[in-house]
């Protein structure tokens, strides 16, 4: 737990539901597959962002979760966007897309590897997609860990807040490699002035 990081709001998303705190925003009532679910959430959030359809599943999942977070907390896009950071983690990096790309490389000698897949063979591309969409230009980082490592991330955030390099950040876990893809995001703010909901 830290004194400088104030939890403002949360989003959780998997293939069965999207929730803001305890409020359910979407449920997969007809047991749709992942692609159908992502498309349905995209339509629910009224994104009108055609680039979404070119993204890999990791980017789609993270972009949708951040879109929901911004809609639930519009002040995320207010103020100095140079002081809005994005820090995400997962345990598999971009492995799902890496495997798909490798399959295009390992086919017969006359085929060409897919450049559309190659673009997404780094997990920080997800953060790039988020920052381009919302014009966040503050500090960013994607970290690979077995679990959400608050012991690593919170001191790092505290340093950025103490030194006034950031005023707010989106932090969390986005993983699509597992059987159940999941995004758990938090919108946190600098708590130097004091307040409730410290994490």
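Numbering (my numbering), first residue to last: 5 to 203.
For every residue, glycine included, the Cβ atom is placed at its ideal position computed from N, Cα and C.
Check your understanding: Do residue 26 and residue 32 come within 7 Å of each other at the CB atom, strictly closer than that value?
Key -> no
Practice item. Confirm, please, whether the CB-CB distance from residue 194 to residue 162 is below 7 Å. Key: no
Check your understanding: Which residue from 81, 14 and 184 puts its Cα closest to that of residue 89?
Key -> 81
Practice item. Could you have a look at residue 166 and say whether DSSP puts it in helix, strand or coil? Key: helix
Practice item. Run the CB neighbour count on residue 136, radius 10 Å, all protein chains shown included, and call it buried at 16 or more, exposed below. Key: exposed
Exercise for review: Could you pull out every residue in the same chain whose Cβ sits closer than 7 Å to the Cβ of residue 201, ignoring the five residues on either side in sequence?
Suggested key: Unreliable placement is indicated for residue 201, whose pLDDT of 47 sits below 50; the coordinate value is still reported in the next sentence. Contacts found: 10 and 11.
Practice item. Keeping to the same chain, check which residues put their C-beta closer than 6 Å to that of residue 186; ignore five residues upstream and five downstream. Key: 18 and 179
Review point. First and last residue of the beta strand (DSSP E) that includes residue 179?
Key: 172-179
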